[in-house]
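Going by the working numbering, the first residue of the sequence shown is number 30, and it counts up by one from there.
The beta carbon of each residue, even a glycine, is placed where N, CA and C say it ideally should be.
Working notes, structure below.
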Amino acid sequence: FEVEESDPPDYELILKFQVCSHLEHFVTDTIMRSLEGREDVLVLGSDDNALADNELKVSGHADIVIYDKQSAKPLELIEVKALNYFFWRKFEKEPIEEAYFYGQLQMYMHMLKIDTSTLVVVERNTPMIHTIEVPYDDIYLWRLEDIYDKLNRYYEAVKLPALEDVEGERAC
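Spelled out as structure tokens, the structure:
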């Protein structure tokens, strides 16, 4: 029995990821606390916002969704992203449609059936924050649906059969 040697953990990368994650949680928590006490809405964080599209076989957790308390209809989606300096500079120069998380926002809006979302972008090395209203983009979503459809067909085509369906299978 041979054990394969692996590269040592990249602690700097792990730390950067953790800082980013904690910063996003801090900003999300701050936004949620600012909405406490409102009688007309229900504000749910990512632990309570499991979203899924069974047809496309995609799911995710939105950072914050604000619901109307009476109708339970979603009113607003807020997504928080913490970017390093490189991505921050790139984000400032490019249209929002070029951002790597644009598709995530579009998919969440599709699942919630809402027309706009709020993106809160934090530059993790400075106190800079951008808040951007992102409209629902049905053309972009059609492209995403096409991509997910192709991915799902590929997955289904190469999916291994269940063990009990294989002729001559043996239990391990």
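query = Count the other CB atoms within 10 Å of the CB of E185; is the residue buried (16 or more) or exposed (fewer)?
reply = exposed
key: Closest Cα partner of P109 within the set H90, K98, D82   = Sequence check: residue 109 is Val here, not Pro. Of the candidates H90, K98, D82, the one whose C-alpha sits nearest the C-alpha of V109 is H90.
inquiry  = Is it buried or exposed, W117, if we count other Cβ atoms within 10 angstroms and call 16 or more buried?
reply    = Residue environment: W117 is assigned as buried (16 or more neighbouring CB atoms within 10 Å of its CB, all protein chains considered).
query = Counting pairs of beta carbons, one from the stretch 113-132 and one from the stretch 94-102, are three or more of them closer than 8 Å?
reply = no
task = Would you decide whether D92 is buried or exposed? Buried here means 16 or more other CB atoms lie within 10 Å of its CB.
result = Buried, by the Cβ-count rule.
query = Is the CB-CB distance between V94 and L73 below 8 Å?
reply = Contact: yes.
message = In the DSSP output, which residue or residues are listed as bridge partners for H159?
response = V150
request  = From the DSSP output, in three-state form, read off A91 for me.
outcome  = It is coil, neither helix nor strand.
inquiry  = Quick check on the burial criterion: 16 or more other C-beta atoms within 10 angstroms. Buried or exposed for R182?
reply    = exposed
Enclosing beta strand (DSSP E) for K110 [first to last residue] = First-last of the beta strand (DSSP E) with K110: 103-112.
ask   = Quick one: what does DSSP say L134 is sitting in, helix, strand or coil?
value = helix
Sequence-distant residues of the same chain with beta carbon closer than 6 Å to L148, five excluded per side = E108, I161, V163
task = Note down, in chain order, each residue of its chain lying with its Cβ closer than 6 Å to the Cβ of A81, except the 5 sequence neighbours on either side.
result = Excluding sequence neighbours, A81 sits near S88.
key: Alpha-carbon spacing of Q133 relative to R172, whole angstroms   = 13 Å
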